[in-house]
Amino acid sequence: MTRQHPQRTIDRIGIDESGKGDYFGPLVIAAVFVNTTTQGELALMQVRDSKKISDGRILEMAPDIKTICPHSVIAIGPHKYNELYAKIRNLNRLLAWGHAKALENLLERVSCERAISDQFGDERLILNALQEKGRKIVLEQRTKAESDMAVAAASILARAEFLHQLKRLSNEVGTTLPKGASPAVELAARMIIKKHGQDRLDSVAKLHFKTTQAVLDGLT
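Quick note on numbering: the sequence shown equals residues 1012 to 1231 in the working numbering.
In structure tokens, the structure reads:
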């Protein structure tokens, strides 16, 4: 019996997000199931926190992670994000909804008793957002959760999807949309307004950021 115990503790789902601090682009939440076999494969791939990996390498690694690990990726595009934020008015609750959705989708395909995510608020936010299948799982929220292999794999899938969608949005508006929130981001937002009008921001940006008001103030 004792030999089986580590197997039970290794099986887990890692959850992470990308885009939370980026004015442009979607909010993406990914969930990845890892067991003993795939943990070894991810280690050979040198999977680690996406913040420590270049964007180019992230885009290379993501398809391989998807091949070996059951996964779920939820992308909330800017328009939908703004719609949800207007209703929820709380980023942590919006994150909890996304985490719960990704977890639920993955639990449709795998059986798992444990999930790990980064600490971003009261864990009851996620548990309350979960539906029947998700409520059967034990959720562990940690600071620096990306040090866990499953969470690191999820962070790579989330970032890869964010980068893909940011590039697509850039092509749609004919302006390179920078990551983060900076003077370069404000400049891009002003260019979009000049090209397409103020309403177009809703389709590319998270409007509740202070950046929106700074840009609009600069136009008057």
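Glycine is no exception: its CB is placed at the ideal position from the N, C-alpha and C atoms. From a predicted model like this one, the values you see are computed outputs, not experimental measurements.
{"Asked": "Cβ contact check for the region 1057 to 1069 and the region 1122 to 1140: 3 or more pairs under 8 Å", "Found": "no"}
{"Asked": "Neighbour-count burial assignment, Ala1097, 16 or more Cβ in a 10 Å radius", "Found": "exposed"}
{"Asked": "Bounding residues of the alpha helix (DSSP H) (the contiguous stretch that carries Gly1229)", "Found": "1221 to 1230"}
{"Asked": "Residue environment, Leu1174, which counts as buried when at least 16 other CB atoms sit within 10 Å", "Found": "buried"}
{"Asked": "Bridge partners - Asp1027, DSSP secondary structure assignment", "Found": "Ala1041"}
{"Asked": "Delimiting residues of the alpha helix (DSSP H) encompassing Ser1181", "Found": "1160 to 1184"}
{"Asked": "Cut-off 8 Å between Cβ atoms - residues of its own chain near Thr1154, not counting five sequence neighbours on either side", "Found": "Asp1129, Gln1130"}
{"Asked": "Cut-off 8 Å between Cβ atoms - residues of its own chain near Leu1095, not counting five sequence neighbours on either side", "Found": "Ile1087, Leu1105, Trp1108"}
{"Asked": "Inter-residue Cα distance where the pair is Asn1093 and Leu1114", "Found": "22 Å"}
{"Asked": "Residue from Lys1091, Ile1148, Asn1103, Asp1033 with nearest C-alpha to Ala1195", "Found": "Asp1033"}
{"Asked": "N- and C-terminal bounds of the alpha helix (DSSP H) containing Arg1125", "Found": "Here Arg1125 belongs to no alpha helix (DSSP H); instead the beta strand (DSSP E) covers 1125 to 1129."}
{"Asked": "Host beta strand (DSSP E) of Leu1106 (start-end)", "Found": "Run containing Leu1106: none in the beta strand (DSSP E); it sits in the alpha helix (DSSP H), 1102 to 1118."}
{"Asked": "Own chain partners of Met1056 with C-beta closer than 8 Å, once the 5 adjacent residues on each side are dropped", "Found": "Met1072, Asp1075, Ile1076"}
{"Asked": "Backbone CA spacing between Lys1205 and Ile1024 [nearest angstrom]", "Found": "44 Å"}
{"Asked": "Residues that His1082 bridges to, as DSSP identifies them", "Found": "Val1043"}
{"Asked": "C-beta contact flag for Asp1022 and Glu1157 at 7 Å", "Found": "no"}
{"Asked": "C-alpha distance - Asp1213 paired with Pro1189, whole-angstrom precision", "Found": "16 Å"}
{"Asked": "Among Lys1062, Glu1172, Asp1210, Leu1038, the one whose alpha carbon lies nearest that of Ala1163", "Found": "Lys1062"}
{"Asked": "Per DSSP, cross-strand counterpart(s) of Leu1150", "Found": "Ala1126"}
{"Asked": "Straight-line gap, Ile1026 to Leu1180 (C-alpha atoms, nearest Å)", "Found": "25 Å"}
{"Asked": "DSSP three-state assignment for Ile1064, whether helix, strand or coil", "Found": "coil"}
{"Asked": "Element boundaries [alpha helix (DSSP H), containing Val1196]", "Found": "1194 to 1207"}
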